[in-house]
Structures are given as structure tokens and as C-alpha cells.
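Asks: This is the structure I want to talk about, given as C-alpha cells.
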Amino acid sequence: MTDAGRLRARLAAARGDRPLPGISLAWAFAVLVFVVVAAILGLALGPVSLGAGRVARELLSHVPFLGVESSLTETEDAILWELRAPRVALGLIVGALLASAGAAYQGVFRNPLADPYLLGAAAGAGLGATLVIAYDVGDPLGFDLRPVAAFAGALLGVATAYALGRSVGGGRSTATLILAGVTVAAFLTAVQTFVQQRNADTVQEVYAWILGQLETSGWREVLIALPYAVVSSALLLWHRRLLDVLAVGDDEAASLGVAVARVRLLVVAAATLGTAAAVAFSGLIAFVGIIVPHAVRLLVGTSYRAVLPLSLAVGAGFLVLTDLICRTAIAPAELPIGVVTAFLGAPFFAAVLRTTRTVGP
Amino acid sequence: MLQRLIVLMGAGLLALALALALALAACGGGSEAAPATAPTTTPEPAAAFPVTVEADNGHVEIAAEPSRIVSLSATATESLFAIGAGGQVIAVDDQSNHPAEAPVTDLSGFQPNIEAIAGYEPDLVIAAYDPGGLVNGLERLGIPVLLQDAARDLDAAYEQIETLGAVTGRVEEARAVAAGMEEEIEELIASAEGAAGLSVYHELGPDFFSATSGTFIGSIYERLGLENIADDAERAGSDYPQLSAEHIVSSNPDLIVLAHTKCGGQTAQTVAKRAGWRQIDAVTEGNVVEADDDITSRWGPRTVEFVAVVVEALEEAAAR
Numbered sequence: 563m564t565d566a567g568r569l570r571a572r573l574a575a576a577r578g579d580r581p582l583p584g585i586s587l588a589w590a591f592a593v594l595v596f597v598v599v600a601a602i603l604g605l606a607l608g609p610v611s612l613g614a615g616r617v618a619r620e621l622l623s624h625v626p627f628l629g630v631e632s633s634l635t636e637t638e639d640a641i642l643w644e645l646r647a648p649r650v651a652l653g654l655i656v657g658a659l660l661a662s663a664g665a666a667y668q669g670v671f672r673n674p675l676a677d678p679y680l681l682g683a684a685a686g687a688g689l690g691a692t693l694v695i696a697y698d699v700g701d702p703l704g705f706d707l708r709p710v711a712a713f714a715g716a717l718l719g720v721a722t723a724y725a726l727g728r729s730v731g732g733g734r735s736t737a738t739l740i741l742a743g744v745t746v747a748a749f750l751t752a753v754q755t756f757v758q759q760r761n762a763d764t765v766q767e768v769y770a771w772i773l774g775q776l777e778t779s780g781w782r783e784v785l786i787a788l789p790y791a792v793v794s795s796a797l798l799l800w801h802r803r804l805l806d807v808l809a810v811g812d813d814e815a816a817s818l819g820v821a822v823a824r825v826r827l828l829v830v831a832a833a834t835l836g837t838a839a840a841v842a843f844s845g846l847i848a849f850v851g852i853i854v855p856h857a858v859r860l861l862v863g864t865s866y867r868a869v870l871p872l873s874l875a876v877g878a879g880f881l882v883l884t885d886l887i888c889r890t891a892i893a894p895a896e897l898p899i900g901v902v903t904a905f906l907g908a909p910f911f912a913a914v915l916r917t918t919r920t921v922g923p
Numbered sequence: 008m009l010q011r012l013i014v015l016m017g018a019g020l021l022a023l024a025l026a027l028a029l030a031l032a033a034c035g036g037g038s039e040a041a042p043a044t045a046p047t048t049t050p051e052p053a054a055a056f057p058v059t060v061e062a063d064n065g066h067v068e069i070a071a072e073p074s075r076i077v078s079l080s081a082t083a084t085e086s087l088f089a090i091g092a093g094g095q096v097i098a099v100d101d102q103s104n105h106p107a108e109a110p111v112t113d114l115s116g117f118q119p120n121i122e123a124i125a126g127y128e129p130d131l132v133i134a135a136y137d138p139g140g141l142v143n144g145l146e147r148l149g150i151p152v153l154l155q156d157a158a159r160d161l162d163a164a165y166e167q168i169e170t171l172g173a174v175t176g177r178v179e180e181a182r183a184v185a186a187g188m189e190e191e192i193e194e195l196i197a198s199a200e201g202a203a204g205l206s207v208y209h210e211l212g213p214d215f216f217s218a219t220s221g222t223f224i225g226s227i228y229e230r231l232g233l234e235n236i237a238d239d240a241e242r243a244g245s246d247y248p249q250l251s252a253e254h255i256v257s258s259n260p261d262l263i264v265l266a267h268t269k270c271g272g273q274t275a276q277t278v279a280k281r282a283g284w285r286q287i288d289a290v291t292e293g294n295v296v297e298a299d300d301d302i303t304s305r306w307g308p309r310t311v312e313f314v315a316v317v318v319e320a321l322e323e324a325a326a327r
């Protein structure tokens, strides 16, 4: 399709007379299978071999009326349900959040390089987590303050960048907003590095956090992350059609009756909420927010009605599979997941890029 | 853009973190180039200067008995005071928190500022780590440097103390301290004979970083005849692998040693609360040792205290 043709299609879609293709049933089914297979593999495999068959028996034993008995010992049961399963669940949530936030940022800023960590989310979260680790806050309130600080830091970073961008560019120019984000990120990163250098004895812990990990301390993290994930995903999916309209340009969208600034603020807020929840529990996992939406675009086209939900699902499955590699590649030791996402993601993306012609949001 | 910032930050951190992991958690892997420290010329008791010793930065010649020592190594600081050379020490780094009378300054051993160190006009600088050209820079200023990397095992730790005796003119005292340590530790090890074959998990941080038998702390577990569950992670290619929680739980170690109790606030109670960890006998039976972070990350005279704590826990475990 030519550029002019695409623009016509979008404008037509925005007026509602000729819809851009949404998700085809075939893609929806394929992606669903991908996520389910990833989750099952994530449960069946790990550094401790439980045996795929025995895990299957254990799963079936929870289905009533089948009469299947589990053959797992008490320790194996704990490994499966208290260590492995919450980790798979957190992987699904974090992957979905990062990939859908990435797709949303790319749409709202019309910038193919936008990612969930744009606008200072990563730098803010990094500073929050580093402060807690370096000054050894411990858990005065009875729980680990690291996720709370990372969450607050991410929100603070984005809020500052947004306020700065608005005050300079009046919310009209995406370039101003992105520049404001880079500025805020550079500043917060400098503070984070300073704090970390002043507390060299905790540098390894900070480093491990920055490279990302999905190790959980049980289901609690999953349950805390879930509401944020639901709210963020629901808001983004709700706005997927408006993202299609925004893609034609601010002025055109405004002329079609879209409140551009308000939609942008809402989408940025929803994506940031999801990103903050993801980094709070998993650290900074790079590349998922860029590679997953682009891979999806290369497969199904550029309409956000397809890209957003498919990115969400593919991101979830992708991160569970990546974490499986982290858990098993050098077992019983672990690899940091941020390294693996980039190491595998970059060549995969390059291959997809080479085999297709068009790219871009 | 941000991605790049993160990657840059990560790359810088990687170098620092690796070096620190070596320096902090007492590793032997970093001193591959230099043999374990040992005085090349065993000085006569009436230590006549000049004296030449071998350290991790090669031959070091000390012209006269030093009286203005700067120690950037928390381990060396403890050893210097233990051998009675504390009066010759004019400044120690910000990590040297033992003994209390050590002249603590804001000098950093991890990010040393050569100018600030030279400002003390030292006649000997002792370091455990050589970041950013520290040794070269000081030598260019004509200041002798003794580099003592983390010891690989107990013998290397004793030798470092004797080397410190040689360079400070306290040969006899240093020998006595090292011999006393060795005697006490050997006695403790002998008393824990019954514990041989038990397994141990040494925890360095909440992310389940541990230490293999290739480290100083691991070499002590090895001497006690303990099986170290971190040794299964040889594929990590590091003496400080990050273990899977699944592996720790399924290995069911007989003894858990927490080495981040001060900095990190981990206790037997917090460990018991971790999901799935109640399956570990050491947790339900109370065989969780809350070790002193400082002592477990150094290789000085207080190592005796650490061995005593571990042996006591092993005896309790055996009694259960």
C-alpha cells in the first residue's frame, strides 16, 4: 500500500465507513496457542527436573472428577506451585505490560524507537530501587520497599518529563516530549549512578536489579501486579482505535474531532502505569517493548486494533520463554533476563526485518 | 535513546560489579596472574630494612620501617592492628570499620583518589584491589604499594599477615598472630569432624548469589568437609553464581549461612517466610546462621570467629 493509500484507509477507518483490518481469527488462535504452549513449557521445565509427565499429572489432579493422582513429593509440589508457577505468572504479566506499553508509546509518539522506558520511566525506577538498596532501608513496613520505590520513581520520572515537555511544547509536539524525557532520564541516571558509587558495597545487588529478574517471593507479587496490569491493559485496548487515528497526525486527528492532548495523556498514563508495575517487580528488562510490537507489525500490518492486543499476548509468551532460558541455560545458576531478551531479541528482529519490506508504526 | 543510556550504564556497572564481586566477597579467581602472597625472603626476626616482599603487584621493596601507612583494605587494617602495627597507620579507608581505634577517613578503596591518598604523605599504601591505575599512579609518585588481593584459602590469608609483619618490622608478632589463628581454626575444624558430608548454602544477597569452593569462604567450608551447593553451578563460569531458588530448595542444604545480615537485614525469620523455603530442613530445624557481613567478606584475623560460629551451628545441627 502506498503512503497516500494508507492515509486514505486510516481516515476512512476513523470516519467509520471502512474499517482497517482488525485481528483475523487465524492470528488470534495462533497467538493464543503460543501463549498457552509457553506457559506449559514454563511450568514443565526448570533447573529441577520434575518430569513433564508428572507435572501434567499434577495439573490434571486439580481437575475434578478425573481421578488423576499427583505423584509429586511435598518438596516438588512446593517447587512447582510456590517457586515456578508464580514466576511464570509474573513473566506473563510483565511481558504483556512491556510489549503493550511499547506499542502504545510508539503509536502515541509516532516514533518507531519509542519504548516503555521512554520519558524517564527506567531511570526513575532505577533511582528508586538504588536508593532503597544502597541505603539499606530494609522492610520497616513489613514488606520489601524496592518495588514501591521503583514504582514511585518510574511515575515521578514520567510525570516530570511530561510536565517539562508540556511547559515547553504545549503538549502539541511529540519531539519536545521525547526530548524532555531524555533530559529527565539523563539527570535521574546521573543521580542514580552517584548514589550507587557512594555505596559500592551494594553495587552487585543494584546491578542484578538493573539487568532484570523474574524471581518472585511467591504469589504476593503477582497478586499486587495484577490490578495494575488489568487497568493498564484495559485502558490501552480501549484506546487502540484512537491510536489508529492519531497515527495520521495531530492536526488531522484533531480535525476528526479527537481530543489529541487528552488521548495522548491518557495513553501515556496507562502505558506508564503498566511499565511502572512491570519494573517494580522485574527490574529493567530491555528490548521487549520494542521488538515484540515491531515483530507483530511485520506479521499483521500496522493497525493498532491488531497490533495492541497481539503485542500484549506475544509479549507475555515471549517473556515466559525467555525466562525459561534464563532458568535452564546454565542451571542451577541463573542468567539475568535483560541480557537474554536483548541477546535473542536483536538477531530475531534483524531476521524478521530482512524478510519483510515495510516497517514503522 | 534511553535504551542506550541503560546499556552504557550497564556496561560500566559490569566492570565495576565484577571487580567488586572479587574484592568484596573474597575471591581467589582474581589473583590468577600473581601467586599467593608469600615473603620471598623470609626475613630474620630482627627485620632489617630494606626488605623485599612479594605481593600481588610483584616484588615490593620497603626501604625503611614505615611510620605513615595508609590502608585501603579493610582486611589489612584488621591485620595491621592485630600484629601491633596500628601505631604506624595514619589513615584507613571508609570500609575499615574494625578495630574501633583505626583512623577512619573518607578515602575509598573502591574508587581511590590518588591525590587524596598522596595528600597523607604515606610511606606505604596497602590495597586489596587495584582500580583505575591505583598501583601505577602511586608508584609513579614514588610511594610503595603493597597489593594484597582476596586470599584464596586460609594458608594464603596467613601468608598475607606474615607479609604485613615483614613490611612493618613486626615479623614476630605477625608470625604469632598467624600461628595463633591457624591453631585455633585447625582445632575448630578437628572438633567438627562429625559434620563432614553435611551440605551448606552460603547466601551473599537476596538474589541468591552464592560462593563456590573456589572462594576464600568456600575454601573454609571445604576444609570443614561440607558439600557446597553452589559448586553445582560450575556452568555459570563464576565463583559467585546466582542460584535458582528451585535448586536451593531441592538441594535441601543442612546449613544455611546468611552473609548479608547487617547490610540487607536478612534473618532466620525472613528466610523462613520465603515461599517454598519451609521445605528446607535447615529452615524448619533452625540451622540458619546469621553471620557478620564484614567478617565473611574479609580474610583477616577475625576469620576465627566465623569458623567458630559455623562449627557451633554444625554441632547443633548434628545434635538434632
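Chains A and B, in that order, are what the protein sequence lines are.
Residue numbers for the first sequence follow our numbering, beginning at 563 and rising by one.
Residue numbers for the second sequence follow our numbering, beginning at 8 and rising by one.
Just so you know, even glycine gets a beta-carbon here, dropped at the ideal spot from N, CA and C.
1) For residue 8 (chain B), which of helix, strand or coil comes out of DSSP?
2) If you draw a straight line from the alpha carbon of residue 57 (chain B) to that of residue 71 (chain B), how long is it in whole angstroms?
3) One question on the structure: do residue 518 (chain A) and residue 692 (chain A) come within less than 7 Å of each other, judged by their Cβ atoms?
4) Check the Cβ-Cβ distances between residue 249 (chain B) and every residue of chain A, and say whether any is below 7 Å.
5) Whose C-alpha, out of B:256, B:231 and B:217, is nearest the C-alpha of residue 200 (chain B)?
6) Between residue 608 (chain A) and chain B, is there a C-beta pair that is closer than 7 Å?
7) Using a cut-off of 7 Å between C-beta atoms, extract the partners of residue 253 (chain B) located in chain E.
8) Quick one: is residue 163 (chain B) buried, meaning 16 or more other Cβ sit within 10 Å of its Cβ, or exposed?
9) Could you check whether the Cβ of residue 301 (chain B) sits closer than 7 Å to any Cβ belonging to chain A?
10) Could you name the residues that DSSP lists as bridge partners for residue 761 (chain A)?
11) Between the beta-carbon of residue 676 (chain A) and the beta-carbon of residue 249 (chain B), is there less than 7 Å?
12) Quick check on residue 209 (chain B): buried or exposed, where buried means 16 or more other Cβ atoms within 10 Å of its Cβ?
13) Less than 7 Å separating the beta-carbons of residue 882 (chain A) and residue 601 (chain A)?
14) Alpha carbon to alpha carbon, how far is residue 774 (chain A) from residue 215 (chain B)?
15) Which of the residues in the segment 887 to 909 of chain A, read from start to end, lie with their CB under 7 Å from any CB of chain B?
16) Could you list which residues in chain B have their beta carbon closer than 7 Å to that of residue 779 (chain A), in chain order?
17) Which bits of chain B does residue 775 (chain A) rub up against, with CB to CB less than 9 Å?
18) Does the beta-carbon of residue 155 (chain B) have 16 or more other beta-carbons within 10 angstroms, so that it is buried, or is it exposed?
19) Here's a check: name, in chain order, each residue in its chain whose Cβ is nearer than 6 Å to the Cβ of residue 105 (chain B), leaving out the five neighbours to either side.
20) Have a look at the DSSP bridge pairing and note the partners of residue 265 (chain B).
21) Where in the segment 150 to 214 of chain B do unbroken runs of the alpha helix (DSSP H), each at least 4 residues long, occur, reported from the N-terminal end onward?
22) Measuring only between beta-carbons, confirm whether residue 840 (chain A) sits less than 7 Å from chain B.
23) Put residue 111 (chain B) into one of helix, strand or coil per three-state DSSP.
24) CB-CB under 6 Å to residue 859 (chain A), same chain, minus the five flanking residues each way: which ones, in chain order?
25) Quick check on residue 598 (chain A): buried or exposed, where buried means 16 or more other Cβ atoms within 10 Å of its Cβ?
26) Taking the straight line between their C-alpha atoms, what separation do you get for residue 111 (chain B) and residue 94 (chain B)?
27) Per DSSP, which one or two residues make a beta bridge with residue 606 (chain A)?
28) Determine the chain A residues that contact residue 243 (chain B) at a beta-carbon separation under 7 Å, and present them in chain order.
29) Specify the secondary structure class of residue 625 (chain A) as computed by DSSP and reduced to three states.
30) Please confirm whether residue 262 (chain B) and residue 235 (chain B) have their CB atoms less than 7 Å apart.
31) Closer than 7 Å, CB to CB, is residue 329 (chain B) near chain A or not?
Replies: On the basis of the supplied data:
1) Confidence in residue 8 (chain B) is poor, its pLDDT being 41 and thus under 50, which makes the residue's placement too unreliable to answer from.
2) 6 Å
3) It is not possible to answer for residue 518 (chain A), since the shown part of chain A is limited to 563 through 923.
4) yes
5) B:231
6) yes
7) Of the chains in the structure shown, none is chain E; the protein chains are A and B.
8) buried
9) no
10) In the DSSP output, where bridge partners are listed per residue, residue 761 (chain A) has none listed.
11) no
12) buried
13) yes
14) 14 Å
15) 889, 892, 893, 894, 895 and 896
16) 281 and 282
17) 214 and 249
18) buried
19) 85
20) B:210 and B:297
21) 161 to 175 and 178 to 198
22) no
23) strand
24) 869
25) exposed
26) 13 Å
27) Paired residues: none, contrary to the question.
28) 892 and 895
29) coil
30) no
31) Outside the shown range of chain B (8 to 327) lies residue 329 (chain B), about which nothing can therefore be said.
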